[in-house]
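Going by our numbering, the letters in the sequence shown line up with residues 134 to 210, in that order. C-beta: ideal position from N, C-alpha, C; glycine also. None of these values were measured; they are calculated from a predicted model.
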Amino acid sequence: MAVTHEELERFTQYATEHFNDGEADSVLQLAKNWTAQQQSEDLASIRRGVVDADAGRMQSVDEVDTELRAKFDIKAG
């Protein structure tokens, strides 16, 4: 998987904060810790989405399409 500039910036910030705290002895350990944290956050987001969907808090593709076209003044077509 390719790493984006944004991801590299987030990791650099994470590494700076956590390396100075003595949380890890190496960049490799920081990368492992950061990856585990990212996966945990991703899973939590997915779970929140499932809860929202189960509770009926969602929109159809057509509703989203209509809203975005109106917001950005895009003609249907």
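Check, Outcome
"Roughly how far, in whole angstroms, is the beta-carbon of residue 151 from the beta-carbon of residue 163, given that I think they are within contact range, below 8 Å?", "6 Å"
"Residue 197 to residue 210, Cα distance in whole Å?", "15 Å"
"Could you tell me the alpha carbon to alpha carbon distance between residue 208 and residue 199, rounded to whole angstroms?", "10 Å"
"Determine the direct distance from the alpha carbon of residue 193 to that of residue 203, and round the result to whole angstroms.", "16 Å"
"Tell whether a beta-carbon distance below 9 Å holds between residue 170 and residue 147.", "yes"
"In the stretch 176-208, which residue ranges form an unbroken alpha helix (DSSP H) of at least 4 residues, counting only runs that do not cross its ends?", "194-204"
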